[in-house]
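Below is one structure, written out as structure tokens, with a few remarks after it.
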Amino acid sequence: TNDYKYSGYDRGHMAPAADMKWDEQVMKESFYLSNICPQNPNLNGGVWKDLEEQVRDLASQKGKIFVVCGPIVNDISNTIGENKVVVPQAFYKVLLQEGNGEIHTIGFVYENVSGRKPMSTYAMTVDEVEKLTNIDFFPSLPNKIENKVESEVDFSRWTISNK
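Counting the sequence shown from 1 gives a position; the working numbering is that position plus 608.
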């Protein structure tokens, strides 16, 4: 944690601590450094926090959604502290929901900078996030379904407010 002192970055959670209220031990474990990345304070307390809250609301509404998130880094990433903790250029969050025999996905990418735009401006297809991260997020879906749902995004299907 000393690497973060005076760095100008927050210890930003990937899996939000507020999602772990169901178990005290799990809540404590959400503060492990393996779940934390250097995050711009304005992003962490602003639009990223808004997205976390929206995802929590969605999970309450829909009953179950799958969430994958993490940092986006590259060879020119900066570091902080004596231990050279890598500062991500951006963060992604990918969601999948199943309901009424349908599957829908949506991806979000937020640059690790200050700023506030409507949430829909950060939305993109899962295919686009996969290209940025080099990760195949839902490989267990049948290819025909995966190709379809990962190539389209309908922001309105997610009942996410556009703060």
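Quick reminder that beta carbons are idealized off the backbone N, C-alpha and C, glycines included.
task: Enumerate in chain order the residues of its own chain whose CB-to-CB distance from E777 is below 8 angstroms, with the five nearest sequence positions on each side excluded.
output: The question about residue 777 has no answer, for the chain in this structure spans 609 to 771.
task: Would you decide whether G709 is buried or exposed? Buried here means 16 or more other CB atoms lie within 10 Å of its CB.
output: exposed
- prompt: Are G620 and I644 close, meaning C-beta to C-beta below 8 angstroms?
  reply: yes
Among S615, V663, S764, the one whose alpha carbon lies nearest that of G689: S615
- prompt: Count the other CB atoms within 10 Å of the CB of Y640; is the residue buried (16 or more) or exposed (fewer)?
  reply: exposed
- request: Run through the region 663-744 for me and flag every whole beta strand (DSSP E) of 3 or more residues, listed as ranges in chain order.
  value: 673-680, 686-688, 693-695, 698-707, 710-719
query: Could you check where the beta strand (DSSP E) with P649 kicks off and where it finishes?
result: Looking at the DSSP string, P649 is not in any beta strand (DSSP E); the run it does join, the alpha helix (DSSP H), is 649-652.
task: Mark V672 as exposed unless 16 or more other C-beta atoms lie within 10 angstroms of its C-beta, in which case mark it buried.
output: In the sequence as presented, Val is not what sits at residue 672; that position holds Lys. Label assigned to K672: exposed.
- request: Determine, using beta carbons only, whether P646 and V695 come nearer to each other than 8 angstroms.
  value: yes
field: Beta-carbon proximity list for I684, same chain, < 7 angstroms, skipping 5 on both sides
entry: none
- prompt: Pick from L651, A731, K701: whose alpha carbon is nearest that of R724?
  reply: L651
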